[in-house]
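Those sequence lines, one after another, are chains A and B.
Residue numbers for the first sequence, in numbering that gives the first Met the number 0: 0 to 252.
Residue numbers for the second sequence, in numbering that gives the first Met the number 0: 0 to 269.
Heads up, the beta-carbon is just placed ideally off N, CA and C, and yes, glycines get one too.
None of these values were measured; they are calculated from a predicted model.
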Amino acid sequence: MMLSVANVGFSYNGRKILDDIGFRIHEGEMLVVVGVNGAGKTTLLKCLCGILRPDEGSIFIDETEIAQMERSDRARRIGYVPQRYSDTDTSVFEAILLGRKPHMGWTVTEKDLHVTEEILRALKLESMALRPISSLSGGEVQKVIIGRSLAQEPDLLLLDEPTSNLDLKNQMEIMDILTGVARNRGLSVIVTMHDINTALRFADQFLMLKDGRVHSITPRASVTEELIRHVLDVDVIMGRVGDYRVVIPNKPS
Amino acid sequence: MQSLLKNSLVSPFTLGISHGAAFGAAFAIVVLHAGTPQISALRTSAADLVMINSIVLTTVCAFLGSMMTTVAILLLARIKKLSSQAIILAGIALSSLFVSGTILIQYFSNEVELASIVFWTFGDVARSNWKEIGITALCALPVTIYFFLKRWDLNALDSGDDIARSLGVHVDRLRLMGMILAALIASIVTAFHGVIAFLGLLAPHIARRFVASNHALLIPMSCIIGAILLLLADTAGRTIIGSGTLPVGVLTSFMGAPLFLYLLMRGKNV
Numbered sequence: 000m001m002l003s004v005a006n007v008g009f010s011y012n013g014r015k016i017l018d019d020i021g022f023r024i025h026e027g028e029m030l031v032v033v034g035v036n037g038a039g040k041t042t043l044l045k046c047l048c049g050i051l052r053p054d055e056g057s058i059f060i061d062e063t064e065i066a067q068m069e070r071s072d073r074a075r076r077i078g079y080v081p082q083r084y085s086d087t088d089t090s091v092f093e094a095i096l097l098g099r100k101p102h103m104g105w106t107v108t109e110k111d112l113h114v115t116e117e118i119l120r121a122l123k124l125e126s127m128a129l130r131p132i133s134s135l136s137g138g139e140v141q142k143v144i145i146g147r148s149l150a151q152e153p154d155l156l157l158l159d160e161p162t163s164n165l166d167l168k169n170q171m172e173i174m175d176i177l178t179g180v181a182r183n184r185g186l187s188v189i190v191t192m193h194d195i196n197t198a199l200r201f202a203d204q205f206l207m208l209k210d211g212r213v214h215s216i217t218p219r220a221s222v223t224e225e226l227i228r229h230v231l232d233v234d235v236i237m238g239r240v241g242d243y244r245v246v247i248p249n250k251p252s
Numbered sequence: 000m001q002s003l004l005k006n007s008l009v010s011p012f013t014l015g016i017s018h019g020a021a022f023g024a025a026f027a028i029v030v031l032h033a034g035t036p037q038i039s040a041l042r043t044s045a046a047d048l049v050m051i052n053s054i055v056l057t058t059v060c061a062f063l064g065s066m067m068t069t070v071a072i073l074l075l076a077r078i079k080k081l082s083s084q085a086i087i088l089a090g091i092a093l094s095s096l097f098v099s100g101t102i103l104i105q106y107f108s109n110e111v112e113l114a115s116i117v118f119w120t121f122g123d124v125a126r127s128n129w130k131e132i133g134i135t136a137l138c139a140l141p142v143t144i145y146f147f148l149k150r151w152d153l154n155a156l157d158s159g160d161d162i163a164r165s166l167g168v169h170v171d172r173l174r175l176m177g178m179i180l181a182a183l184i185a186s187i188v189t190a191f192h193g194v195i196a197f198l199g200l201l202a203p204h205i206a207r208r209f210v211a212s213n214h215a216l217l218i219p220m221s222c223i224i225g226a227i228l229l230l231l232a233d234t235a236g237r238t239i240i241g242s243g244t245l246p247v248g249v250l251t252s253f254m255g256a257p258l259f260l261y262l263l264m265r266g267k268n269v
């Protein structure tokens, strides 16, 4: 699978949110989108999964433009985990089974149940399968929401700040799950994120957004203090701890 | 309707849809002469005071009245992006508007017509005959089947509009179709039986206690519980006083109003 985005622009109430966005992502890659609040990260993800329709440009999955795809076809190929979700009292099992909706006909099939059970096992959620979502911790809920999008069996997974409200342990667990599915299932994953250190540890590529435009697309190893300073408008010091590069804020520039 | 607008306080009564239908029906009965007041010496209930001699005209006017409210609510929810509480407040404002309209019609009606409208708006199943029950069932059955077929779409909508869209649900079409069909049923029921308050609020809430929010179970369970509640209220209305019948709408109000206040005070999932 390859996602190709070319010259995408989106305006809201006359204000340009995205302008001339273009990039590509290949099978099994993780792309982290970085930018300040209001840079257009969430809007970009919503355009990529078809929730918003760009005013200009094109988005292709392989040879197919997503704007031309049927809703259910698109949902079979692209999974989306939003920043916010509504609190419901459905069980964990039902919540993950809901991800099978794009594949369902009139009834739930054996395959739908099998895929749901497999995801419950993979995410270690079996013991809480019958518990209502409202009784889970923030990290557990995030796993369920990711599980639901995995049940879609997509080629491309989009996640909007999936670790922003989680403690460190849960952040690492969620990112391990995402790198695992990218590697083992061949999914392409696009994640928006504010935590540069987590991004530096897990991302294959960085997409730097500034004022709704692509500032740069760079491999993890090429991210520099200067680049972060320019995109995030904050002075940072970059160092190395063990095998990992870390970023420490210095002072606002 | 609660899932479509993601608001557990929503029902045809709390949104003002029933009042819109009542206004439309009263307009048809008095202004368009679709109803003929009947005074019978042998009457056993208030229902006998009213005979609707043009069921189609009354139902159409009730439907138009309910649709005016539905469209106003949908526009406010979509364009102004009203919060859950604000939608209910808008419903209260629209209810007041239609109640005032109904009062205006009453003001210009003669004494017999006035009595007819007052008794008619009580909400009473005693006036139903098999023909009306048949028409109601004929309309309610396909609508219930439609909602049952859309059960997974409604489950997705419970998780939020964005998640529903990402799962392939045509959210705007589902919400519009669902509200139109719900308003259609509310208007038919109101045209035949008057305003039966809070039943649409009570039934899904009690059903959720048994089957949570999975619409595959919630839809049939709400239908069964709604029917049982109506039967209980009607039976109580027939037996609670020595002679005559208490309108069922009064009894459902006694049950529903405390629940509404409880949900409002709890402030969770509203």
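For this session: For K5 (chain B), go through chain A and note every residue whose CB falls closer than 9 Å to its CB, in chain order.
Result: The answer, in chain order, is S85.
Problem set entry | Selection of the region 46-68 of chain A by Cβ proximity to chain B, strictly under 8 Å | C48, G49, I50
Problem set entry | Residues sharing a beta bridge with A5 (chain A), DSSP | A:S57
For this session: Anything in chain A within Cβ reach of G177 (chain B), meaning under 7 Å, just list it in chain order.
Result: At a beta-carbon threshold of 7 Å, none of the residues of chain A lie near G177 (chain B); the nearest stands roughly 17 Å away.
For this session: Since I believe I144 (chain A) is in contact with T115 (chain A) (beta carbons under 8 Å), could you give me their beta-carbon distance rounded to a whole number of angstroms?
Result: Contact doesn't hold; Cβ gap of about 14 Å is too wide.
Exercise. Which term fits M264 (chain B), buried or exposed, when burial requires 16 or more other beta carbons within 10 angstroms of its beta carbon?
Worked result: exposed
Problem set entry | Interfacial residues, the region 126-142 of chain A to chain B, with Cβ spacing under 8 Å | P131
Problem set entry | K142 (chain A), DSSP secondary structure in three states | helix
Exercise. In chain order, what residues of the same chain have a beta carbon less than 6 Å from the beta carbon of G78 (chain A), not counting five sequence neighbours either side?
Worked result: S148, Q151, P153, L156, listed in sequence order.
For this session: Using only alpha-carbon positions, find the residue among A:P101, A:N183, A:V80 that is nearest to A121 (chain A).
Result: A:N183
Exercise. Any Cβ of chain A within less than 8 Å of the Cβ of Q1 (chain B)?
Worked result: no
Exercise. Do we get a CB-CB distance below 8 Å when we pair H169 (chain B) with the residues of chain A?
Worked result: yes
Problem set entry | DSSP-derived helix/strand/coil call for H214 (chain A) | strand
Problem set entry | Straight-line Cα distance separating L158 (chain A) from D242 (chain A) | 26 Å
Exercise. For chain B, is any of its Cβ atoms less than 8 Å away from the one on K40 (chain A)?
Worked result: no
Problem set entry | For F22 (chain A), the first and last residue of its enclosing beta strand (DSSP E) | 14-25
For this session: Using a Cβ-Cβ cut-off of 8 Å, state whether L122 (chain A) counts as contacting chain B.
Result: no
Exercise. Taking the DSSP output, what are the residues bridged to F205 (chain A)?
Worked result: A:V31, A:T217
Exercise. Which stretch, first to last residue, makes up the beta strand (DSSP E) that contains Y79 (chain A)?
Worked result: 77-80
Problem set entry | Assigned secondary structure, D72 (chain A) (DSSP; H/G/I helix, E/B strand, else coil) | Helix, per DSSP.
Problem set entry | 8 Å Cβ cutoff, V7 (chain A) in contact with chain B | no
Problem set entry | Residue-level contact to chain B via CB, D111 (chain A), 8 Å cutoff | no
Exercise. Which residues, in order along the region 69-81 of chain A, keep a beta-carbon less than 9 Å from a beta-carbon of chain B?
Worked result: Within the region 69-81 of chain A, the residues whose Cβ lies closer than 9 Å to any Cβ of chain B are, in chain order, E69, R70, S71, D72, R73, A74, R75, I77, G78, Y79, V80, P81.
Exercise. So the beta strand (DSSP E) G238 (chain A) belongs to, where does it begin and stop?
Worked result: 233-240
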